[in-house]
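Report on one structure; see the data block that follows.
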Amino acid sequence: MSEKLVNILLVEDDEVDIMNVQRAFKKNNITNPLYIARNGLEALEMLRDKIVPMPQIVILDLNMPKMNGIEFLQELRQDPSLKHISVFVMTTSNEDSDKLNAYNLNVAGYILKPLSFEKFIASVATLDKYWKLCERL
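So in full-length UniProt numbering, spot 133 of the sequence shown is number 133, and the numbers just go up one at a time.
Following this line, the structure appears as structure tokens:
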């Protein structure tokens, strides 16, 4: 059985968080291709103009300039060619309204950014288990 390659798009404006995700991928030996957009508008442009291979998974921050994560999700879910993408929110926002809005837009998970890098590595390891499951479907 051949495994599908799961492409991942990280939509994140904070350079430190981008580096933390990249480091957590290395620590967990995750070799999936990781593409980066720094806000929702850039991510939509990358997806619609096929600047990157179509990702199966998006890791999405909520608090970003130009277009925040909820606005991005609304656009993504309205686009017939993009609405199938699995989205995991990874944010510092613990607001119930953000969680409710995200889940109403069919996110696969809502992860609070951990304060320690060790916990961050563990969070990414959990996501990796999900991706590996998706690769086998």
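Yeah, the Cβ is synthetic: ideal placement off N, Cα and C, and Gly gets one too. Quick caveat: nothing in here was measured; it's all calculated off a predicted structure.
Buried or exposed (CB count within 10 angstroms, at least 16 for buried), residue i
{"i": "Asp61", "result": "buried"}
{"i": "Met1", "result": "In this predicted model, Met1 has a pLDDT of only 37, less than 50, meaning its place in the structure is not dependable; the value taken from the coordinates is given anyway. Label assigned to Met1: exposed."}
{"i": "Val21", "result": "buried"}
{"i": "Ile51", "result": "exposed"}
{"i": "Val107", "result": "buried"}
{"i": "Thr91", "result": "buried"}
{"i": "Ile8", "result": "buried"}
{"i": "Asn94", "result": "exposed"}
{"i": "Leu73", "result": "buried"}
{"i": "Val16", "result": "exposed"}
{"i": "Tyr110", "result": "buried"}
{"i": "Leu100", "result": "exposed"}
{"i": "Leu5", "result": "exposed"}
The beta strand (DSSP E) enclosing residue i, as first and last residue numbers
{"i": "residue 188", "result": "Residue 188 lies beyond the residue range present for the chain, which begins at 1 and ends at 137; the question has no answer from this structure."}
Given residue i as reference, the closest of the options once Cα atoms are compared
{"i": "Val11", "options": "Ser81, Ser116, Lys66", "result": "Lys66"}
{"i": "Ala37", "options": "Met64, Lys26, Ile30, Asn106", "result": "Met64"}
{"i": "Leu44", "options": "Leu112, Ile70, Asn104", "result": "Ile70"}
{"i": "Asp98", "options": "Val6, Tyr130, Asn68", "result": "Asn68"}
{"i": "Leu105", "options": "Leu133, Glu75, Glu118", "result": "Glu75"}
{"i": "Phe117", "options": "Lys129, Ala24, Arg48", "result": "Ala24"}
Review point. In chain order, which beta strand (DSSP E) runs of at least 3 residues are fully inside the UniProt domain "Response regulatory" (7-128)?
Key: Counting only runs that start and end inside the UniProt domain "Response regulatory" (7-128), the beta strand (DSSP E) elements of at least 3 residues fall at 8-11, 34-37, 57-60, 86-91, 109-112.
key: the segment 79-88 / the segment 50-61 touching (three or more Cβ pairs under 8 Å)   = Three or more pairs of CB atoms, one per stretch, sit closer than 8 Å, so the segment 79-88 contacts the segment 50-61.
Check whether the segment 67-81 and the segment 23-34 touch, using three or more Cβ-Cβ pairs below 8 Å as the test. No: fewer than three Cβ pairs fall under 8 Å.
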